[in-house]
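For any residue, its number in the working numbering is found by taking its place in the sequence shown, counting from 1, and adding 14. Notes to accompany the following structure.
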Amino acid sequence: MPQDQASTGQLLARLSEQLSTLVRDEAALAVVEVKTKARAAGLGVGVLVGAALFGFLGLCALIACAIIALALVWPAWLAALAVGAALVLFAGALGAFAVVKLRKGVPPVPQETVANVKDDAAIIRRAVTQ
């Protein structure tokens, strides 16, 4: 039977089936989008922990530098100062990288899915009003 000759019951059954498929597909898209954002946020948190560790090590080296500077006079504290400064700079770079990664994953709202659902609702509204 051609589509323009289908009964109201058949059309409603098709509409129900298509809406069900649409909702399932949008839900699957939302899951994928949230997982992607969570993965990015997880990487950012991991790198931030690394930055904190290197920051702590830098602070330890700078403290050792101060102790050595007081106990001795040149070479040992200069070496400790160089290592401490390098660790602090590295921690700063890791921290900046972590912030970028965290911003990509937050907020973990499936924005693409929300936009698709709004578009689908607008299409359905237009089809119903015609």
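Where a beta carbon is used, it is the ideal one built from N, C-alpha and C, also for glycine. Bear in mind the structure is a predicted one, so any value in this text is a computation, not a measurement.
For the alpha helix (DSSP H) assignment, the segment 45 to 109 encloses no uninterrupted run of at least 4 residues. The beta carbon of Ala44 is closer than 7 angstroms to those of Pro124 and Thr127 in its chain, skipping five residues each way along the sequence. For Leu101 against Gly119, the beta-carbon gap comes to about 27 angstroms, at or over 8 angstroms, which does not count as contact.
Thr50 and Leu57 have their alpha carbons spaced roughly 11 angstroms apart. If you draw a 10 Å sphere on the C-beta of Ala135, you find fewer than 16 other C-beta atoms in it, and that means exposed.
In chain order, Lys115, Lys118 and Gly119 place their CB closer than 7 angstroms to the CB of Ala54, counting only its own chain and leaving out the 5 sequence neighbours on each side. With a threshold of 16 other beta carbon atoms within 10 Å, Gly98 meets it and is buried.
Per DSSP, reduced to three states, the secondary structure at Ser34 is helical. Secondary structure at Gln19: helix, using DSSP grouped into helix, strand and coil. The residue from Thr143, Ile138, Leu92 and Val142 with its alpha-carbon nearest to that of Leu36 is Ile138. For the 9 angstroms CB-CB criterion, Gly69 and Ala105 form a contact.
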